[in-house]
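For what it's worth, the numbering used here labels the leading residue of the sequence shown as 876, then goes sequentially.
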Amino acid sequence: KWQFDQELIMAVKQHHDPDAIGKDQLTALVALANTQIMTMGIGVGADGLTSKIQGAGLKHYGITGRDLETYLAGLMLELEKAQEMMSLAA
876 KWQFDQELIM AVKQHHDPDA IGKDQLTALV ALANTQIMTM GIGVGADGLT
926 SKIQGAGLKH YGITGRDLET YLAGLMLELE KAQEMMSLAA
């Protein structure tokens with residue numbers, strides 16, 4: 876048995892729940908991160924779910940549209956670097 880912490884188990888189980896933002900902090904952050912990744916076109920998601928969690932999550936954590944653009948631009952750069960490193964290792 877893996878014996879993961881209950882908080883981690885709940886975050887994984889509930890990160891697609893539209894009401895995840897109202898749950899514990901880890902679940903809320905995982906749900907918000909998941910929606911941001913789907914917004915970037917990574918993975919497959921349900922658009923209605925994404926926008927509901929995203930809007931509530933951004934408001935809950937005080938993230939502005941400008942903040943989000945900055946974070947996502949930085950994330951894209953890091954993903955490109957990681958992809959480059961993976962192709963060099965192959």
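Ideal Cβ positions, reconstructed from N, Cα and C, are used throughout, including at glycine.
Note that the coordinates shown come from a computational prediction; the quantities given were computed from them, not determined experimentally.
With a threshold of 16 other CB atoms inside 10 Å of the CB of residue i, please say whether the residue is buried or exposed.
i	result
glutamine 911	buried
glycine 932	buried
alanine 965	exposed
Flag residue i as yes if its beta-carbon sits less than 8 Å from any beta-carbon of chain B, otherwise no.
i	result
glutamate 955	Any reference to chain B falls outside this structure, which holds one protein chain only.
Hey, quick one: how far does the alpha helix (DSSP H) through residue i stretch, first residue to last?
i	result
alanine 957	940-964
isoleucine 884	881-889
leucine 878	Note that residue 878 is glutamine in the sequence shown here, rather than leucine. It is not in any alpha helix (DSSP H) - glutamine 878 carries neither H nor E in the DSSP assignment.
methionine 913	900-914
Among residues of its own chain, excluding the 5 on either side of residue i, which ones have a beta-carbon nearer than 6 Å to its beta-carbon?
i	result
glutamate 959	none
Within its chain, find whatever has a CB closer than 8 Å to the CB of residue i; leave out the 5 residues flanking it on each side and keep chain order.
i	result
methionine 915	Leu947, Leu950 and Met951
threonine 939	Leu933
Can you round the beta-carbon distance between residue i and residue j to whole angstroms, since I take them to be within the 8 Å contact cut?
i	j	result
lysine 876	glutamine 889	Contact flag wrong, Cβ pair sits at about 21 Å.
isoleucine 896	histidine 935	5 Å
Spatial neighbours of residue i within its chain, please: CB distance less than 7 Å, with the 5 preceding and 5 following residues excluded, ordered by chain position.
i	result
methionine 882	Checking the sequence, you will find glutamate at residue 882 rather than methionine. Same-chain partners within the cutoff: Asp899 and Leu901.
Pair every Cβ in the region 899-907 with every Cβ in the region 944-951, then say whether three or more of these pairs are closer than 8 Å.
Taking 8 Å as the limit for Cβ pairs, the verdict is that the region 944-951 does not touch the region 899-907.
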